[in-house]
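First residue of the sequence shown: 329, per the numbering used here; consecutive thereafter.
Even for Gly, the Cβ is constructed at its ideal location relative to N, Cα and C.
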Amino acid sequence: MNSKTKKITTVSMLCALAYCAVAVGRIPLVLFLKYDPKDVIIAIGGFIFGPFVSFLISVVVSFLQMVTISENGALGFLMNVISSCAFACSAAFIYRKKRKLSGAVAGLLCGWGCMVAVMLFWNYLITPLYMGASREEVAKLLLPAFLPFNAIKGGLNAAFTMLLYKPVVTALRRSHLLEESPGGKKVRVHPGMVLTSVFIIISCILMVLALNGKI
329 MNSKTKKITT VSMLCALAYC AVAVGRIPLV LFLKYDPKDV IIAIGGFIFG
379 PFVSFLISVV VSFLQMVTIS ENGALGFLMN VISSCAFACS AAFIYRKKRK
429 LSGAVAGLLC GWGCMVAVML FWNYLITPLY MGASREEVAK LLLPAFLPFN
479 AIKGGLNAAF TMLLYKPVVT ALRRSHLLEE SPGGKKVRVH PGMVLTSVFI
529 IISCILMVLA LNGKI
């Protein structure tokens, strides 16, 4: 396969994986809000190919979600694209400028914060339209529900991306879908990244349990 065919194949595979993550991986977190790990796959695609690919995967997966399993129609599609792009495109843009460990961490942290801020605004603006509730009622849920949900979602996205990016890249290179790194340098998972990711995941789990009155 030439490089263009390899890229199309890899991006298509990432789209399929992200859709599967939505279809089978939805986990209730806060009230009616559910987490799925599709943004992790979208961010990995952006780290590999750049922020435009993150945007492309977000649109494709959100459209498939709209026409198959979503109950919120075009508004749900819009919110899914905005949420995924706020996290994944922001992270990929920064990592593209600085393709080092520090750039990856900075990108994921920026994507995390960007998603939380952006979704607070869009939840206030759009959620009343598909919930059938007044904007005042939705505003009362911003701090106790939407803010912690997006903070937990962003934290899990960042942590899982840190854990999975290197193994995914290694697997794609072994499958000859990605070119080897210059000099044939092996991809290694940094122990500090693993510890940080585990800490974030545990913190998010504890926050979910606390919000749901389990601890």
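Item                                                                                                                                                                            : Value
How far does the alpha helix (DSSP H) with Ile-385 in it reach, from first residue to last?                                                                                     : 379–396
For the alpha helix (DSSP H) that Lys-468 lies in, which residues bound it at each end?                                                                                         : 463–469
Rounded to whole angstroms, what is the Cα-Cα separation between Ile-397 and Pro-365?                                                                                           : 16 Å
Using the Cα positions of Leu-429 and Pro-356, report the straight-line distance between them to the nearest angstrom.                                                          : 32 Å
How long is the line joining the alpha carbons of Ile-543 and Asn-451, rounded to whole angstroms?                                                                              : 28 Å
Is it buried or exposed for Ser-386, if we count other Cβ within 10 angstroms and need 16 for buried?                                                                           : buried
Of all the options Val-350, Val-381 and Lys-362, which has the alpha carbon lying nearest to the alpha carbon of Ile-480?                                                       : Lys-362
Give me the residue from Lys-425, Trp-440 and Met-394 with the minimum Cα distance to Ala-416.                                                                                  : Trp-440
Taking 9 Å as the cut-off, decide whether the C-beta atoms of Ser-462 and Cys-442 are in contact.                                                                               : no
Give me, in chain order, the residues of the same chain whose beta-carbon lies closer than 6 Å to that of Gly-483; leave out the 5 immediate sequence neighbours on both sides. : Ile-528 and Cys-532
Secondary structure at Ile-530, three-state DSSP: helix, strand or coil?                                                                                                        : helix
Can you give me the Cβ contacts of Ala-473 inside the same chain, cut-off strictly under 6 Å, excluding the 5 residues immediately before and after it?                         : Val-358 and Leu-359
Would you list the residues sitting across from Lys-542 in a DSSP beta bridge?                                                                                                  : Paired residue(s): none; Lys-542 is not in a bridge.
Can you tell which of Pro-476, Asn-400, Val-368 and Asn-330 has the C-alpha that lies nearest to the C-alpha of Tyr-347?                                                        : Val-368
Taking Cβ to Cβ, would you say Ser-390 is nearer than 9 Å to Ala-420?                                                                                                           : no
Quick one: is the Cβ of Asn-485 within less than 8 Å of any heavy atom of the ligand FMN?                                                                                       : This structure lacks the ligand FMN; in fact it carries no ligand of any kind.
Rounded to whole angstroms, what's the CA-CA distance from Ala-499 to Met-394? Just pull it up for me.                                                                          : 30 Å
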